[in-house]
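Residue numbers (my numbering), protein chains in the order written: chain A, 1 to 324; chain B, 325 to 625; chain C, 626 to 1121; chain D, 1122 to 1455. Where is the CB? At the ideal position from N, CA and C, for every residue including glycine. Predicted, not measured: the structure shown is a model, and the values here were computed from it. Everything on this sheet refers to the single structure shown next.
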Amino acid sequence: MEVAARPKDSIKNRIVDILSNNAILFLMLLLVSVVAILYPRFLTLANFNNILNQISVIGCLACGMTFVLLIGCIDLSVGSMMSLIGIMAVTVANGGREWLAIILPILAAGAIGLIKGGIIAGVNGRLGESFITTYGAQSVLAALALIIQGGLFMMVTATGIFTRIGKGANPAYVFFALIVICQFILTKTSFGRKLLFVGSNPKAARLSGVNIKFYFLMAFMMCGLISGIAGVLLPSRVMSANPTAGTNYELEAIAACVVGGVSMKGGSGSFVNTLIGVIVIGVLSNSMNLLGLSSYPQMIVKGFVIALAFALDVVNKRRQMQRG
Amino acid sequence: FAVASAEAPAARKVFFTNAFFTAPFCAPLNAQAMATAAENNIELTIVDGQADASVQLDQIKTAIDQGYDGIIYFPADAAGSITIVNTLNESGIAYAIIDSKVDASVAETIPVFAGPDNVEMGRVAGRACVEQIGENAKVVCLMGSAGTDPATNRQKGFEEIISQYPGIEILAAQNVDGWDPAIAMSIMQDYITRFGDEIEFLFTHDDGIFQGAQQAIAAAGLTGKIKAVSTGANNVGVAAIKSGELYGSVLHSAKEEGQLGVEAVIAVMDGEIKNGDQEWFKCMSPLVTLENVAEWEGWGW
Amino acid sequence: MQEHILSMRGITKAFGSTVALDNVDLNVRAGEIHALLGENGAGKSTLMKILNGVYAADKGEILINGVPTVFRNIREAMAGGISFVFQELNLVLSLSTLENAFLGRLKSDSRGIIDWKSMTAEFNGFMKSIDFEMDPGRLVSELSIAEKQMVEIARALMLDSKIIVMDEPTATLSSEEIHKLFNIIRILKNKGITIIYISHRLEEIFQICDRLTVLRDGKNICTLDVAETTKPYLIEQMVGRSMDYEFPEREAHPIGEPVLDVKNLFTPGFLQGINFTLYRGEILGIAGLVGSGRSEIARAVFGADKIEKGDFWVDGKKVSIRSTMNAKALSIGLVPEDRKDEGSSIELSVMKNITITNLDKVSRGIVLNRRKEVREAKRMVQELGVKTPSIHHRLDQLSGGNQQKVVLAKWLYNDADILILDEPTRGIDVGAKYEIYLLIYEMVKRGKSVIMISSELPEIFALSDRIMVMYEGCLQTCVENHEGLKPEDIMGFALG
Amino acid sequence: MKRADISRLVKDNIIIIALALPVILLTMTASGFMTVSNIKNIFIQISLYGIVAFAMTISIIGGEFDLSVSSLLGVVTILFTDIAKRVNVPVAILVCVSAGIVVGLINGFMVSKLKINAFVATLAMMLMLKGFALTYTNGRPINFPNPALNAFGNGDFLGMPNITLFFLGAFLITWYVLRNTKFGRNVYAAGGNLVVAKMVGINVDFYKTMLFVILGFATSVAGVLMAMRLSSGNTLFGGDLTMSVVAGVVIGGTSLSGGRGSAVKTFWGMLFIGVLFNGLQRLAVQANWQDVIKGSILIVVVSVDAILAQKIPLSQITTGRKRKEQISALPRDV
Ligand SMILES: Nc1ncnc2c1ncn2[C@@H]1O[C@H](COP(=O)(O)OP(=O)(O)OP(=O)(O)O)[C@@H](O)[C@H]1O
Ligand SMILES: Nc1ncnc2c1ncn2[C@@H]1O[C@H](COP(=O)(O)OP(=O)(O)OP(=O)(O)O)[C@@H](O)[C@H]1O
Ligand SMILES: [Mg+2]
Ligand SMILES: [Mg+2]
């Protein structure tokens, strides 16, 4: 096998390489420095904590969503799932059983995920089927969340463990732990490997003797379980549950995954990508709030940054292509 | 059996399109409307207007086609109500508007509006603010969902009062999408980072928003240092008032509004009010504080 | 000196650290059939993709009729009078055969409204001229791989180009179709059209080509007149060493008790009551024409398709094979004929593709042992001579033949007792084929059994212990492969 | 007719069967369902979204997807009311349609030239448009009480609601273009397999861009009509446009993975949604339960569709060589 060595890259080339390989991160660093100059308080521990606290719920959702995206599907119902789980959790917690209020709703969420996965696996569905099925599930779950408590806003009156898991940096610990565990599952276990293979080419996976239905089922169950965790964290963080709390969270979760580099076609991406995406979007929102941008122009900037991050990424890939 | 039902007058059927059906505020409103309707021998159907004037127009057209006796219309937004009000007027059906006002161009044609005076509510909050912090202070506001009637008008009333005191500065004001406490919490966290302990006063358009913001305030150890006035005075607000986290909240009773809405449409169906009368069944908007909380508890939800 | 209609000079192209082409020249005379030969990964496809603008060359120039030309994309190349049959099938599965045949140049009037009638007429006319029956309205997803290949060929040939590039057009065809294809190629040649022909089937070169160019490891080796050369010499030029035989000598190996019994196998609308037995240590060849149902048997036995009825016995025990998992648990393996769609995931690395069939082997519990996985993957890559910069490269960065080797490696790695190979050597060069044959022998000597489906009769003859012949979904015959058996006998059965 | 043929027929027309069921049930249970005025109502309800749905059908067949239409619709209603108020109606229409096309061009540029994933590109566009509209209006809806326009938006022509005529027009054009033009068939090719389309020399960048331009155009038309119909402009109009429209398209049977589908399917899909919503309201089902039913029906329809598709293996649809029947050369999908 002939492998010719390439001439050593010039320093300038290498710098451009590093920059363009990590376009999103550098974009973020730039933003951070600008904000930090304008608002020195930005770089304080307290704000750092705030950011962690703010991204963790959406981060958990994105983490669950990653499983589903990796297998080439999409789940539009995680937001309403979160609403429903929040209501359940607070109902149980206010009844005094706080541990149960943490565990039971998460298991319920896993079960709901199993049902969704069961349908998708049963019909051999992928993106299209999961889109519609979970869009339907979104409407059912949101309605159930409203029906259960008569559509009321619920305060958390519990005072024990349930209220502590959402305080300070705790949700962030949960989020980071999830990322580490999921990344381990994905890259270091045969389960994760097969999941990735199924996502990348289900036909080939089937002909390799992989039980592809099982992996569709599991991807949705993991997504359910993890959005259940988000559903418990949210009321614990805000100390109230709202039957419409999760509205539109699903799009934000997907955006975070995709900005970080998880592919919507399945089979490509990792939880590290998700982590990056969540942090980028979280820091962006935080800095815009600090800059005093009202929520309207914030949307414009957010959209622009997402597009820009991707454009840079693509330019980078093209450069690499040209140089072989 | 048939004889018995012949004696009682047949129930009248009323259709209610609620633009914000799923909002927590509307849960008690819907429930009270159902109750009042039942008391008055009315069969009430409530549908979700999905915050969209176009959806509501379709619903109302179908309802007119179905031959309902009366319609209660909770507009998603003022501008979008023009066609709907015209449609209602043309059909000759009895109807009442609740909660949010219709567009000025058709306001003169409506028979009755049942709802709060949002501008006045803002004014009440503004006065409470001045009362609390004096004529020199720094304020932040967390407003309701962008573009909605309450968010626009409550802020308008509030600023009307505040603007009379040049010493009071509004540091920042931001809409809270979907009146979501979680979003309110994040915004408040960032306000605290940005302004530190400069913030002396917080005005929120809803007790739920306040409740979210309060978590950020508590986490920063600023409870009590930031005085706050909210709107709603529902259970959430009342609890916060009692615990001292919230100075006061301007009442907006969902129950009262639900009841007034049904009473209003009955009045129109009975012919007591005609199109163009522009009656206003106004909801009360007192400021609920620790002093009078006992009196008003339970009016919210 | 004849005029060169196309000359590529000093072409160099590197992908990352892999130098695919190093200062390569290719001179093609007008009206000739010019063969491009070389091992897997020698750079043939890459050279052609530089010609049509899919890749840009790092260095070098292209002259067409003596005029320097650079096509930036395929559209320009097609407009410039060059058409292509690519190595990988390029069909839109959700469209009809007709539309695929006219893909990219649908006939329409000036307003863009399609003229279905004249396209159908042209297509039917063309198919008739090569004597190949094909319904223009069928969805391409319903065609067998060989039929797909014919659509692909039809598309290029109907284009009326000055130069036609064919990258392994016959890899999936059986001798019947190849015969028909050659007829039409000769007709085209008589019309003065120039053809660049890439193939690993050397006998074809001698049948139709005029001159040839050999590449090895991205470098020019030689350009010759076909008439002046011999097969062994060619092989030596390609592989870099001499090879006496294309096939290893058949060694006697012990054949044991039945391991797989298939009784009364019916598939919906196709297979009609197939019965056969496979013995331990046996190589059972299946021959037949395109679409005769060979792949169908393979897929049914592997549980990949739903069957109507049929019983299976493995090692004398009655078993039910409902899914690929069942089959795998019974230690059956299948190397499917369509490597791109069903055999592999081209976006994943070589290693991930290889180990997927048996992750348990490289993991403790469910946790993967990375060191072991790398070791195993490297071993397989070594054994099959897969040419790849590393086992962590994505599969789509490998040459076609090397991708095929990875698909083979995947099932050899799993070490199944019964291995079904559907066109296993498709697109693999002579040298590597030899290695693969040795591996197959190795397997049966270790007591494994192999079912081998192939459109290359010589291959079937050289390897099989017994040969089954299929015709239109029916099993025609099953004969011992002895000295006296002649290809004509088999063809007789295959033609019905 | 063979069993396979029957199941294929069922499969291809599952949506019509699914549509017939509620219609029959509703005609029996809800009085006044099968009246002209109610049928008109149903059509009015689906007309504006339907216009976008046909454009979305083209783009989904072409393998792309656009989240930004929901924001674009709101932006167009705002532009229209604002400009019509300040300048005049023709200028407003011109500006709106150009805006739709420009947004489509930008989306198309991002997707085809910058190679940004369509989901991301249009998500970014969605945020930018919404932010723009809210900033522009400061979050307040704009009213435009103009009786003539309103009459047009809500009026009839020969007993047919005007907006429904637009809907039917969009349907016919889409149907014809997809079935019989080079443009349409190349869209199928690009959506069926982009790499292949490129390999056979189809100018895929052009087609990708056109998909978004068509969507932008259709959305701007729907937006102008909506502004006329409601005499106002509001950022929130069309909030659920993308999801409803994609649901309608997919329920009809157009595959989200591209390359398959048709305008007829979308027509039935939208009609199905219209009948369902209208029926649930007529039956006076309470709002929350309406959502439960709607959601469940979506799941059931898609599941049945997918299961039927599996039940008939491809090899049964067209038999092997032995029993090969002549099938017209026309594309299957239309
Ligand atoms: N996209 C790519 N990225 C990286 N390397 C590539 C790419 N395409 C081809 N190569 C490398 O270039 C070399 C030449 O490949 P090419 O496909 O031209 O071989 P080939 O002669 O056509 O072989 P085969 O007979 O197997 O088709 C191989 O080593 C291959 O790994
Ligand atoms: N997915 C499919 N849908 C419909 N028909 C199919 C499908 N796959 C194969 N067929 C048809 O079934 C018949 C048998 O195909 P099969 O692939 O078993 O043939 P084969 O002998 O392996 O030949 P080939 O060399 O074409 O692979 C052919 O007529 C083919 O057109
Ligand atoms: Mg090749
Ligand atoms: Mg075959």
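Residue i beta carbon near ligand 3 (any heavy atom closer than 6 angstroms)
i	result
S824/C	no
Q1029/C	no
Q1022/C	no
K669/C	yes
Contacts of residue i in chain A (Cβ-Cβ under 8 angstroms)
i	result
Q479/B	Neighbours of Q479/B on chain A: none; closest Cβ ~12 angstroms, over 8 angstroms.
S969/C	N201, A204
Coarse secondary structure for residue i, derived from DSSP in three states
i	result
Y296/A	helix
S405/B	helix
W938/C	strand
L614/B	coil
R336/B	strand
S917/C	coil
K1012/C	coil
V887/C	strand
F757/C	coil
Y904/C	strand
F345/B	coil
Interface residues of chain A facing residue i [CB-CB closer than 9 angstroms]
i	result
A952/C	G209
L955/C	Per Cβ cutoff of 9 angstroms: no residues; L955/C is ~10 angstroms from chain A at best.
Which listed residue (the options) has its alpha carbon closest to that of residue i
i	options	result
V1055/C	N698/C, D756/C, A796/C	A796/C
M752/C	S721/C, R780/C, D1040/C, K742/C	R780/C
A1315/D	K1303/D, Y1328/D, G1305/D	In the sequence on display, residue 1315/D carries Leu and not Ala. Out of K1303/D, Y1328/D, G1305/D, Y1328/D has the C-alpha closest to the C-alpha of L1315/D.
A1176/D	I1428/D, V1342/D, V1423/D	V1342/D
G150/A	L290/A, P243/A, S295/A, S285/A	P243/A
A309/A	A1245/D, S1158/D, I1160/D	A1245/D
S200/A	I71/A, V35/A, A109/A	I71/A
G1072/C	I687/C, P1049/C, I1043/C	I1043/C
Partners in chain B for residue i, counting only beta-carbon separations shorter than 8 angstroms
i	result
P1266/D	I406, D427, S429, V430
S240/A	P505, G532, Q535, G536, V560
beta-carbon residue i near ligand 1 non-hydrogen atom, thresh 6 angstroms
i	result
N1159/D	no
F640/C	yes
S970/C	no
T341/B	no
L1009/C	no
A1057/C	no
Chain A contact residues for residue i, given Cβ-Cβ distances below 7 angstroms
i	result
V436/B	Within chain A, no residue comes near V436/B; the closest Cβ sits about 26 angstroms away, beyond 7 angstroms.
S988/C	S190
Partner residues on chain D for residue i, Cβ-Cβ distance less than 7 angstroms
i	result
P297/A	G1252, T1256
Residues that residue i contacts on chain D, provided the C-beta gap is smaller than 9 angstroms
i	result
I739/C	R1300, N1301, T1302, K1303, G1305, R1306
Cross-chain neighbours of residue i in chain B, by beta carbon under 7 angstroms
i	result
N1228/D	Ordered by position in chain B, no residue passes the 7 angstroms Cβ test against N1228/D, which lies about 24 angstroms from the chain.
Using Cβ-Cβ distances below 8 angstroms, what residues of the segment 571-587 of chain B are close to chain A?
none
Which residues of the segment 1317-1330 of chain D have a Cβ closer than 8 angstroms to any Cβ of chain C? Give them in chain order.
V1317, A1318, K1319, M1320, V1321, G1322, I1323, N1324
At a CB distance below 9 angstroms, what residues from the segment 1350-1361 of chain D approach chain F? Give them in sequence order.
In summary, chain F is missing from the structure at hand, where the protein chains are A, B, C and D.
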